[in-house]
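So the structure is just underneath, and the comments pick up after that.
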Amino acid sequence: MLTQKQKDLLLFIHDRMQDGGVPPSFDEMKDALDLKSKSGIHRLIMALVERGFIRRLPNRARAIEVIKLPESSSEALNTPKRSGFQPSVIDGSKPKPSEFQAPPSINLDSRTVSVPMMGRIAAGTPISAIQTHTHDIPCPPDLLGNGEHFALEVRGDSMIDAGIHDGDTVIIRRCEQAENGDIVVALVAKEEATLKRLRKKGSTIALEAANPEFKTRIFGPDQVDIQGRLVGLIRRY
């Protein structure tokens, strides 16, 4: 699934290539999507590449190839937002942090608590998580503590040195603030979500990977929203 901005950009690129055979420039994409900077376009293109919708051709200027379109583009672009629990990091609907409300945990028995599985999160290049509440998973109560919790499936290996692998399930406690050094679910530019270690210096926010192959990304205070903090991990063998 794609966010609305990702769909808009994909279809804009496709339409321009159908008309003239040449992809639009970053400036044209920025103007078409009414974004303030080309960095937002860069993030959207990276997300589309990761999801297999477009391919960037090496050694050629403005070389973008559309590989596929959403299965039902017209319906996908006009699908109304669902009600209930819809945090931004899950389906790209961009609610305010105060609107982020997890379903209540359910006591399965005296040894486990049910936690809602809310989709996927990128431990790599930021992408939007792709699902809503699909099912519940059992967790030990001691793993959770107080507060609201939800689970996400990890995609990518940027946090591998922190012991978080591709395919792991992370347990997240919903919060809007985190301490320096916490591993958090961070929403970048109201569009894309990632799992990274939080570093703060003055008003600057850094999202730090735990893999030397990934660069630390630096943001201003208004570019990152904290959606939750890592409290546990589940791995199946």
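Be aware that the sequence shown starts at 194, since it is given in our numbering, and climbs by one per residue. Backbone N, C-alpha and C define an ideal beta-carbon position, used for all residues, glycine too.
task = Please determine, among Gly245, Asn373 and Leu337, the residue with the shortest C-alpha to C-alpha distance to Thr305.
result = Leu337
request  = Could you spell out where the alpha helix (DSSP H) holding Ala240 opens and where it closes?
outcome  = Note, Ala240: alpha helix (DSSP H), Lys231 to Glu243.
query = Are there three or more Cβ pairs, one per stretch, closer than 8 Å when the stretch 390-405 is compared with the stretch 227-247?
reply = no
task = Please name the residue, chosen from Ala315, Leu262, Glu369 and Ala379, that lies closest to Glu341 on a Cα-to-Cα basis.
result = Glu369
ask   = My guess is that Leu241 and Asp201 are in contact by the Cβ rule of under 8 Å, so how many angstroms apart are they, rounded?
value = Wrong, their Cβ atoms sit about 11 Å apart, outside the cutoff.
inquiry  = On the criterion of 16 or more Cβ atoms from any shown chain inside 10 Å, does Glu346 qualify as buried, or is it exposed?
reply    = buried
key: Three-way DSSP call (helix, strand, coil) for Met311 in this model   = Met311 falls in the strand class under three-state DSSP.
ask   = Hey, quick one: how far does the alpha helix (DSSP H) through Ala225 stretch, first residue to last?
value = Phe219 to Leu226
ask   = CA-CA distance, Gly421 and Thr196?
value = 20 Å
query = Who does His328 pair with in a DSSP beta bridge?
reply = Met310
query = Which class does Arg392 belong to by DSSP, given the choice of helix, strand or coil?
reply = strand
query = Run through DSSP, which three-state label would Arg410 get?
reply = strand
ask   = When you compare each of Asp212, Lys231 and Gly214 to Glu221 by their alpha carbons, which one comes out closest?
value = Lys231
ask   = Based on Cα-Cα distance, which residue from Pro333, Ala316 and Gly312 lies nearest to His326?
value = When only C-alpha atoms are compared, the closest one is Gly312.
Ile365 and Leu426 closer than 8 Å at C-beta = no
key: Spatial distance of Pro414 from Val259 (CA atoms)   = 34 Å
4-residue-minimum alpha helix (DSSP H) runs that sit fully inside the stretch 323-372, ordered along the chain = 334-337
ask   = beta strand (DSSP E) containing Val377: first to last residue?
value = Per DSSP, Val377 belongs to the beta strand (DSSP E) from Ile376 to Val381.
ask   = Looking only at its own chain, which residues have a Cβ that is under 6 Å from the Cβ of Phe412, when we skip the five neighbours before and after it?
value = Ile398
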